[in-house]
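Here's the structure we're looking at; comments come further down.
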Amino acid sequence: MTVSLEQLRRCHFAVDLGAARTRVYVKGAGLVVDQPSVAAVNIRSGSLIAVGDFAEQMTGRTPHYIRVVRPISGGTVVDIEMAQRMLRHLIGDKMRRALRRKARLRAAACTPHDADPLAQRATVETLVGLGARRVELVDTLIAAAVGCGLPVERPEATMIMVCGAAATQVAVLSLGSIVTAERIPVGGEAVDQAIVQHLRHAHQLVLPSQSVRPLQLALSENGLTPQGPAQTEINGRDVATGLARNVRVDTAAVRNAIQTPLTAVLDGIGKVLRECPPDLVADLADRGIIMVGGSALLPGFDQMVREATRMPVFIAERPDLCAARGLGEMLEGRIEPLVLDPLAA
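In our numbering, the protein residues as written are 3 to 347.
Quick look at the structure:
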């Protein structure tokens, strides 16, 4: 593991700061926060107007004096003060008072694989601002693997793919550690942007940000494969006239549009497999790849990975919650530590 399990058991709460959603797990209470990582601010007074779901609904719909901000990007805190204010409101006064009554408040947090020291320090300072006296950092790959029930402590290979909003992380785990890993700066947001650009160029249609996900869901379970629906209807704004317009979108063209960002992810998987020891690759041929993260639910994405790697690919149950659930398992002491004692002479 990235830190001692004994240290994690002493923590009182854990935070998974994602680019899309923020989740907070409190020891003994479970998952208490699962909200979008968004805040709305009045730039005239500097006051915080809304956070979470309500702030996300305000995206693209606010007057000039209200700004919707995302203090977290790619799993890294880019605005410490705003992230602290957002977390305070998401956790709520009652829960914050309960946590502050702890003698030495300890916290745990997920950090992306190979996060630089500056990004790690930003995460630590964010939680210190909430009253934490000590902060333990856990690699997102380890937390997600624990959360989806992978036997990470055993001497056998398990491969996990964390599909986030801003980045995709791929790793092979064995004996509780990362054997080889790769972080690809392509996630669900890049896929959304590819769809938006395609509709603008092919149909002269400006797509509201709230309409991207409904378009993906309309592609059905096999939407990114030839077995999906041939066409689907989408609403948007005409580039020239500015008026609302409905268009019939060819799903084959959408598949082609998102090939570029997804190809980068497939290249990253190939790189991890090439750097992995042959014995572990042999294990993976049977066990396959586990996909977690919110973008793992992109229709047909798992089938694309399956065809590219020729390996079994599975989507974890509630993939979006795996990292937070893994942190919770560690905090509650449900994970047995792996002990490697030296042999006697």
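Where is the CB? At the ideal position from N, CA and C, for every residue including glycine.
Remember, predicted model here, so these are calculated numbers, not experimental data.
- In the three-state reduction of the DSSP assignment, Ala52 falls in the strand class.
- In the DSSP annotation of this structure, the continuous segment of the beta strand (DSSP E) that includes Ala42 starts and ends at Ala41 to Asn44.
- DSSP places Cys324 in the uninterrupted alpha helix (DSSP H) bounded by Cys324 to Leu333.
- Straight through space, the alpha carbons of Pro114 and Ser179 are spaced by roughly 15 Å.
- By DSSP's assignment, Ala109 forms a beta bridge with Phe15 and Val137.
- Under DSSP, Asp240 takes part in a beta bridge, and its partners are Leu207.
- Between the stretch 167 to 181 and the stretch 138 to 152 there are three or more C-beta pairs closer than 8 Å, enough to call the two in contact.
- Our two residues, Asp269 and Gly189, have alpha carbons roughly 14 Å apart in a direct line.
- In the three-state DSSP reduction, Pro187 falls in the coil class, being neither helix nor strand.
- In chain order, Val5, Gln9, Leu10, Cys13, Arg108, Ala109, Ala110 and Ala111 place their CB closer than 8 Å to the CB of Glu138, counting only its own chain and leaving out the 5 sequence neighbours on each side.
- Taking the CA atoms as reference points, Asp81 sits about 17 Å from Ile68.
- Residue environment analysis places Ile197 among the buried positions, since at least 16 neighbouring C-beta atoms fall within 10 angstroms of its C-beta.
- In this structure, DSSP gives Ser75 an extended state, which the three-state scheme calls strand.
- The C-beta of Phe56 has fewer than 16 other C-beta atoms within 10 Å across all chains shown, which makes the residue exposed.
- Only residues of its own chain outside the window of five on either side were considered, and among them Val283 have a CB closer than 7 Å to the CB of Leu275, listed in chain order.
- Around the C-beta of Ile45, fewer than 16 other C-beta atoms lie within 10 Å, and the residue is accordingly described as exposed.
- Annotation note: the stretch 151 to 190 contains the following uninterrupted beta strand (DSSP E) runs of length 3 or greater, listed N- to C-terminal: 160 to 165, 170 to 176 and 179 to 186.
- As computed with DSSP, Ala246 is found in a beta bridge with Arg239.
- Distance between Val307 and Glu319, taken at the CA atoms: about 18 Å.
- Straight-line measurement puts the Cα of Arg250 at about 44 Å from the Cα of Glu277.
- Residue Arg239 holds the alpha-carbon nearest to the alpha-carbon of His203 among Arg98, Pro314, Val35 and Arg239.
- Counting other Cβ atoms within 10 Å of its Cβ, Arg23 reaches 16 or more and is therefore classed as buried.
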